[in-house]
């Protein structure tokens, strides 16, 4: 280890989320990347895959996954792997005292049965589920600070939850009729080509997918239920739209009290999120748009109330690869290690892009 | 007049909808364009504005709006004008026996008071409101055939209604909790530049707008109320997304009977739309996407049912300038004149685009 | 055969070019599609692949390639196949009197040795090369009318040639320093997904490819050499840019006579292309842009002369899947069969799109 | 002034380049923004215009341009103004000892007559032209270090020059036949809406503009002439393509010695740019693409040689708002002030975006 405070490993470093972790940690003042694994690209320089990182990260190369190597060379490990991989890997790392920040769904749900329903596998480390902390700092900051295993939320879930937390917490809305309509860019599908992500097919789409029940709804329901103390069910439908990055959750809700106006809703959000380092509230005739968040870890939230019919639209916009994935994971790492949450995450979004 | 059956005038021919009317009528086998007005481009060849139409439409030039000229040279007039213009123009044309196909909002609403609420004007031809026929053939085919004044729906309304008609008609859904989340391409905003449509600002957006109540909801509520016999209120929120053409309505609804499955919903839609010339039902793991409708007058509808929580997503996709504007207007003209509905509208959508 | 004049087969009907042939021929007044082959999708309805064509083409299904079936059921066969396939197939079809319109490179080059250089195969039907007619109607209209085998140009070649023909024919330019810089949309790469066409990687690119020598340059050089009677060599570099459809050739040339002005160049183009049904000349401060040609068989050509340094830019824009592929092939079929060239190709381009 | 080393003013801070200067300087460790002028938005918070910067820059507001204020509150001033403004402003600032980094064309050209030809104005501070340093560090690093007035290159010029410098310097190419074909994203046109930048018109374009002579060619010719000692004339044609950010220069050249191969060209570039902090050389079958530079100050250069005909394509890709504008201006500021060139510019590019 060099002059940095912490040695970091990234498992699954050749995908988009892995690439963003590399990008963020390359300039993080207190973290040094010591291991970056990739089955497909082991032995190759990072910039063979991540063209953007040419000139960064010195001589770091992709390596094959080796638990021993991770244990020997890392203090913290990010697992950016397909569902089902981290649950086999995390127990060994934790046993050896490493901190694990998992970006996969493997530790997000507390109830092991939900994995059978939503992910088609039975969980082989169910005891770890209760020890894992759901990595949304806006809900679980203190727990994350003390966590050895952080389960970072999915990007749809992050946007959905941030749009709803103050409204649910303050019981501003009818909990039985919550609709979350999500729009996402193409990077959410990851780096593996398919006909659905082939540019001629993916450009200009307005395409619903997994419309009869998307996996991410399970974690949204879990967190909102915990927050409200009442069993919350959510209708969540994601849509692929014409962008590379970005996710917008539009939560359509009915107000508990039809006299609630936009100012009252805003006050609840302003109070709840006022001290949050990465949540900004958008007002003044504008609504959140991920376009103005690209490259940053911020989430923009906003609201519109139509008193005529007693309903509201609650919005949260994020960069799906940042606050929806790698940025939030680094934010969690900062908390776990006692760093400032801003460390390595201080870049403003780009505009225009 | 030449060898064609009907002489057509287009008022407001230099905008996008006007351009699409020109394009469609240029190759319509039974219609001849005799007048195309434009305040800004009067005297100029059509292709000075509509570059695509170079070589079409012979020597036709834009002219200044003249009611006398319209009366003298046209049998049918399309009014593709900003809100508030057609209501002054239509009465004179109708008086002289012309058919009027209005693409503006001026005659869509039956209740004149709604214009004060939603459009900030008081209607000066309220008697015509009752005589106007709402130009959605899937709802009012027979009335359109006999109409002298057709009020074509907005593009958001067309998509919203087509997604909901069978479900509302058959009372499959809870009429008190209907959410319509609409996604639209940039052409919906028309041809006038603004900062919101400036390419660097408009590309890649996921941007809600008029989220506290969009005007088009008034006509959607009017038609669904008439259809169901019950006062229906709708939460409708449009979102600008990254595409030039296309509109998708995702109607989020709660099922009246939680035992209703996707097959049952499909059957209701298949029965209702089975004979419709321009409605196609999408199934088999796919959902409607405007991408596969570009350049055509088709609407694709589809559905997803999540029985777990008794909710459904009902989709309708259109090309906003075609089935959402000019194509539907030509479909209405065909009905008004007793032509086949397909006349001039038989082109399949493009793919990929 | 039904009431149509000609029975048509399409070999390789599941790709983008095949899909465009299906789309165009679905509404062609004189042609009936009797066979559409696809290895991968044999037995499936056309609209399983080409979602846009749902409701068109009756019960036509993809079938496995069978020469006997083609011979028995077709008068004309389009071969829309990877390089190397048509050269094995065409001889048998021609032997049985069928007309063959090949959209692959297999018969474009007259010199068999060029196939070894540019395509890595040695041609097994070299005698057919001399009998094949290069399918650019603007160069070989009469020969196409009498051809049994038409070799349709590549899309880059079509654009490159249309930009240069009048200038080379009239010796307006220095034939030793011709640069053709081509920009193309993503559909040019076909329907097979790859990392290079994966939407997150392909969106927003300005990406040169095959920059040290693109195969299409061989046919461009062949045709310009024939046209000028002098051995012409061309520097041709294609660039992938952010669009699905479209190809623009910018030919950078040096004027033979530095007193040549833009009007003189325009006159040469106007004279050469004045009677061409699908070539339009763009002037008046505008230059050709494929954007205004989408969905049509037109080519727009234009020019800019900088007398200060005696150079010109000569432009040709096309829809790469239309005038660059399927549209031009149908134009050739119309010529081969003695139909009007416009038959089935009369649709104006879309705008905006 | 706070704890930062230098006080910075930005004249014209509400446009895209101004916004990027604000973004970069907001996190620059040694610079503090004290003045940001905007005629249109004076008095408003920065984030009213630059939504991305909400939460940054404390209470800074746009102010009206005041020379006295700039002199009193700034050590360095960036002028990001339309052509013709900075030439009136710079003399006063310089007189008071301020450093001026001009991003407009006002001081780029040494010969005042060229302003009459290319910019339609006669220069009123011609003496300053000789004192200004052309702000391309790769050409004039030492001079910039000592400059009081830096004239930053245009984005097209930056890309054109970086693609050509080693080839011209080493006389690898025929200086009489240099063609530079440039592709640019929509942000190059600035923040003012127009029909040409209206999203429905600007999306998906491949659109040549100013094809008969673009202003930026004057500075390219000036610098290449100085570099080679021979009067160099360049054919430069920009094309708008489908992206928000990015500029790619493809320089098409003919090799002086036809035995020069790609390795030899690469060596010249590697040697020339090996120590450059912001130039990266792309090889190995890839060519530069601005897509992989977004948000960073890097330029990627590359080359392809077709020995068959003795020509080469020399590429340089940049983010037009960064290395093509604000990033390069900050790089120049760092040089002027004796800071490390990387200061505030160390962010890797984003991927994917």
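Protein chains in written order, with my numbering: chain A, 1 to 353; chain B, 1 to 353; chain C, 1 to 353; chain D, 1 to 353.
All C-beta atoms in this analysis are idealised placements derived from N, C-alpha and C, irrespective of residue type, glycine included.
Fill in: Closest by C-alpha distance to residue 99(A), when choosing among 81(A), 9(A) and 308(A)
Here residue 99(A) refers to the residue found at position 99 when the first chain is read from its first residue. Of the listed residues, the one whose Cα sits closest to residue 99(A) is 9(A).
Practice prompt. Using a Cβ-Cβ cut-off of 8 Å, state whether residue 319(C) counts as contacting chain D.
Written response: Sequence index remark: in the third chain, residue 319(C) carries index 319 (1-based). For residue 319(C), the answer is no, since every Cβ of chain D falls outside 8 Å of its Cβ.
Worksheet item: Given that residue 353(C) touches chain B, what residues does it touch there, using C-beta distances under 7 Å?
Response: Counted from its first residue, the third chain places residue 353(C) at position 353. Here the neighbours are 244, 245, 294 and 353.
Practice prompt. Check whether the Cβ atoms of residue 136(A) and residue 153(A) lie closer than 8 Å to each other.
Written response: The sequence position of residue 136(A) within the first chain is 136, counting from 1. The sequence position of residue 153(A) within the first chain is 153, counting from 1. Going by C-beta atoms, residue 136(A) is nearer than 8 Å to residue 153(A).
Worksheet entry | Separation of residue 193(B) from residue 109(D), as counted between CA atoms | What you label residue 109(D) is simply residue 109 of the fourth chain in a count that begins at 1. What you label residue 193(B) is simply residue 193 of the second chain in a count that begins at 1. If I take the Cα positions, the gap works out to 34 Å.
Discussion item. Taking the straight line between their C-alpha atoms, what separation do you get for residue 85(D) and residue 106(D)?
Written reply: Position 85 of the fourth chain, counted from the first residue, corresponds to residue 85(D). Position 106 of the fourth chain, counted from the first residue, corresponds to residue 106(D). If I take the Cα positions, the gap works out to 8 Å.
Discussion item. DSSP three-state label for residue 291(A), please.
Written reply: Within the first chain, residue 291(A) is the residue found at index 291, counting from 1. In the structure shown, residue 291(A) sits in a helix (DSSP, three-state: H, G or I).
Worksheet item: When you compare only the Cα positions, how much space is there between residue 182(A) and residue 236(A)?
Response: Counted from its first residue, the first chain places residue 182(A) at position 182. Counted from its first residue, the first chain places residue 236(A) at position 236. C-alpha separation (whole angstroms): 7 Å.
Worksheet item: Mind pulling the alpha helix (DSSP H) runs of 4 or more residues that sit fully within the region 135-205 of chain D?
Response: 137-145, 155-169 and 199-202
Item to complete: Look up residue 232(C) in the DSSP assignment and say whether it is helix, strand or coil.
Response: Stepping through the third chain from its first residue, residue 232(C) is reached at position 232. Coil, per DSSP.
Worksheet item: Within 10 angstroms of its Cβ, does residue 195(D) collect 16 or more other Cβ (buried), or is it exposed?
Response: Counting from 1 along the fourth chain, the entry for residue 195(D) is found at position 195. Flag for residue 195(D) reads exposed.
Worksheet item: Out of curiosity, what's the CA-to-CA distance linking residue 88(C) and residue 158(D)?
Response: On the third chain, position 88 is the one that residue 88(C) refers to. On the fourth chain, position 158 is the one that residue 158(D) refers to. Computed Cα separation, rounded: 51 Å.
Worksheet item: How about residue 354(B): is its C-beta nearer than 8 Å to some C-beta of chain C?
Response: This structure leaves residue 354(B) out entirely; chain B is present only between 1 and 353.
Worksheet item: If the cut is a Cβ gap below 8 Å, which residues of chain A does residue 193(C) touch?
Response: For the purposes of this step, residue 193(C) is taken as residue 193 along the third chain, with counting starting at 1. Per Cβ cutoff of 8 Å: 193, 194, 195, 197 and 198.
Worksheet entry | Own chain partners of residue 199(C) with C-beta closer than 8 Å, once the 5 adjacent residues on each side are dropped | Start at 1 with the first residue of the third chain, and residue 199(C) comes out as number 199. Taken in chain order, the list of residues that qualify is empty.
Worksheet item: Helix, strand or coil for residue 343(C) per DSSP?
Response: Residue mapping note: residue 343(C) aligns to position 343 of the third chain, counting from 1. If DSSP states are grouped into helix, strand and coil, residue 343(C) belongs with coil.
Worksheet item: Just how far apart, CA to CA, sit residue 125(D) and residue 131(D)?
Response: Translated into positions along the fourth chain, residue 125(D) becomes position 125. Translated into positions along the fourth chain, residue 131(D) becomes position 131. Taking the straight line from one Cα to the other gives about 11 Å.
Worksheet entry | Whole-angstrom distance between residue 75(B) and residue 37(D), CA atom to CA atom | The residue labelled residue 37(D) in the question sits at position 37 within the fourth chain. The residue labelled residue 75(B) in the question sits at position 75 within the second chain. One C-alpha to the other measures close to 58 Å.
Worksheet item: For residue 23(C) and chain B, any beta-carbon pair shorter than 8 Å?
Response: As a first step, residue 23(C) is located in the third chain; it is residue number 23 there, counting from the start. Chain B, which has a Cβ nearer than 8 Å to the Cβ of residue 23(C), makes this yes.
Worksheet item: Is there at least one Cβ from chain D nearer than 8 Å to residue 350(A)'s Cβ?
Response: Translated into the one-based positions of the first chain, residue 350(A) becomes position 350. Interface residue, yes.
Item to complete: Quick one: which unbroken beta strand (DSSP E) runs of 3-plus residues sit fully inside the region 112-136 of chain A? Chain order, please.
Response: none
Discussion item. Considering Cα atoms alone, identify which of 301(C), 155(C), 177(C) and 255(C) is closest to residue 231(C).
Written reply: Locating residue 231(C) in the third chain gives position 231, counting from the first residue. Among 301(C), 155(C), 177(C) and 255(C), the Cα nearest to that of residue 231(C) is on 177(C).
Discussion item. Whole angstroms are fine: how far does the CA of residue 150(A) sit from the CA of residue 6(A)?
Written reply: Walking along the first chain from the start, residue 6(A) turns up at place 6. Walking along the first chain from the start, residue 150(A) turns up at place 150. Answer to the nearest angstrom: the Cα atoms are 17 Å apart.
Discussion item. Quick check: the region 279-296 of chain A against the region 202-211 of chain B, are at least 3 beta-carbon pairs closer than 8 Å?
Written reply: yes
Fill in: Helix, strand or coil at residue 14(D) [DSSP, three-state]
One-based indexing of the fourth chain puts residue 14(D) at position 14. Note: residue 14(D) maps to coil in three-state DSSP.
Fill in: CB of residue 156(C) within 8 Å of CB of residue 184(C), strictly
Along the third chain, read from residue 1 onward, the residue named residue 156(C) stands at position 156. Along the third chain, read from residue 1 onward, the residue named residue 184(C) stands at position 184. In this structure, residue 184(C) lies closer than 8 Å to residue 156(C) by Cβ.
Practice prompt. Kindly confirm or deny that the region 20-29 of chain D and the region 330-350 of chain D touch, where touching means at least three C-beta pairs closer than 8 Å.
Written response: yes
Worksheet item: Of the residues that make up the region 1-20 of chain D, which ones have a beta carbon closer than 9 Å to any beta carbon in chain B?
Response: 16
Item to complete: Please name the residue, chosen from 316(B), 238(B), 95(B) and 226(B), that lies closest to residue 395(B) on a Cα-to-Cα basis.
Response: The requested residue 395(B) is not part of the displayed model; chain B covers only 1 to 353.
Worksheet item: residue 328(C) to residue 141(C), Cα distance in whole Å?
Response: Against the third chain, residue 328(C) aligns to sequence position 328. Against the third chain, residue 141(C) aligns to sequence position 141. Computed Cα separation, rounded: 12 Å.
Worksheet item: Does residue 259(A) have its Cβ less than 8 Å from a Cβ in chain D?
Response: The sequence position of residue 259(A) within the first chain is 259, counting from 1. It does not: the Cβ of residue 259(A) has no partner Cβ on chain D nearer than 8 Å.
Worksheet item: At which residue ranges does the region 313-344 of chain A contain complete alpha helix (DSSP H) runs of 4 or more residues, listed in the order of the chain?
Response: 326-336
Item to complete: Determine the burial state of residue 219(C): buried for a count of at least 16 other Cβ atoms within 10 Å of its Cβ, exposed for fewer.
Response: Along the third chain, one-based indexing puts residue 219(C) at 219. With 16 or more other Cβ atoms within 10 Å, it is buried.
Worksheet item: How big is the Cα-Cα spacing for residue 1(C) and residue 60(C)?
Response: Sequence index remark: in the third chain, residue 1(C) carries index 1 (1-based). Sequence index remark: in the third chain, residue 60(C) carries index 60 (1-based). Residue placement at residue 1(C) is flagged as unreliable, the pLDDT there being 43, under the threshold of 50; a coordinate-derived value is accordingly withheld.
Discussion item. Would residue 234(D) and residue 312(D) qualify as a contact pair, given that the criterion is a beta-carbon distance under 8 Å?
Written reply: Taking the fourth chain and counting its residues from 1, one reaches residue 234(D) at position 234. Taking the fourth chain and counting its residues from 1, one reaches residue 312(D) at position 312. Against a cut-off of 8 Å, the Cβ pair of residue 312(D) and residue 234(D) comes out as no contact.
Worksheet item: What is the rounded straight-line gap between the Cα of residue 366(D) and the Cα of residue 250(B)?
Response: This structure leaves residue 366(D) out entirely; chain D is present only between 1 and 353.
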